[in-house]
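In my numbering, the protein residues as written are 15 to 217.
Written as structure tokens, this is what we have:
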């Protein structure tokens, strides 16, 4: 799979199992097939070691940072990994004040000196570009309750990194259907270009 799509990266977080959710939705579980991805980036709040072990079953390279509900010292506060041509920063996001604020996220991105910043905590997914950098939040894979969000839609992301190109697929569970959207980011002649395309819903 890597030869056709480049490096495949699963981006997940905010499981909150078993404190706020009982399990990952069944439709998501069927999509997360072991050994199809090369990397997992997790924004934290796994809560239990069992959830970490589940991630380790999916890919050989698993990177997790500490959420505010994880056991103290279980994971680092931040982490920078290089995948392909991209430096990717990982941080749960509760350290960013106000939570999810783009100016604060941009400051963190500059501090970590990364091309892509992955954060969570808000339980609301987003993909944004600013000054040639990418800001990614996979949301909560279980749709766990958050005091900062009026509605939480279960979601996760899959990124394909190939040369100077990143393609991100956002999966959202809306009712009985999984909605998939696609975002492309390409480095061309010193400038990044981005495009957003909404895909059809799939069962």
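Ideal Cβ placement from N, Cα and C applies to all residues, glycine included.
Note that the structure is predicted; figures quoted are calculated from it, not measured.
{"query": "Quick check on residue 7: does DSSP put it in helix, strand or coil?", "result": "A query on residue 7 cannot be resolved here, the shown segment of the chain reaching from 15 to 217 and no further."}
{"query": "By DSSP, does residue 200 sit in helix, in strand, or in coil?", "result": "strand"}
{"query": "Would the beta-carbon of residue 46 fall within 9 Å of that of residue 22?", "result": "no"}
{"query": "Measure the Cβ-Cβ separation of residue 172 and residue 51 and say whether it is below 9 Å.", "result": "yes"}
{"query": "Contact between the segment 97 to 116 and the segment 70 to 89 is defined here as three or more beta-carbon pairs at a separation below 8 Å; is this criterion met?", "result": "yes"}
{"query": "How many Å lie between residue 30 and residue 98 at the Cα?", "result": "30 Å"}
{"query": "Quick check: what's the CA-CA separation for residue 160 versus residue 20?", "result": "34 Å"}
{"query": "Are there 16 or more other CB atoms within 10 angstroms of the CB of residue 35, so buried, or fewer, so exposed?", "result": "buried"}
{"query": "Any idea if residue 68 is buried or exposed, counting beta-carbon neighbours within 10 angstroms, 16 or more meaning buried?", "result": "buried"}
{"query": "Grouping DSSP H, G and I as helix and E and B as strand, with all else coil, what is residue 118?", "result": "helix"}
{"query": "Can you give the Cα-Cα distance for residue 182 and residue 174, rounded to whole angstroms?", "result": "6 Å"}
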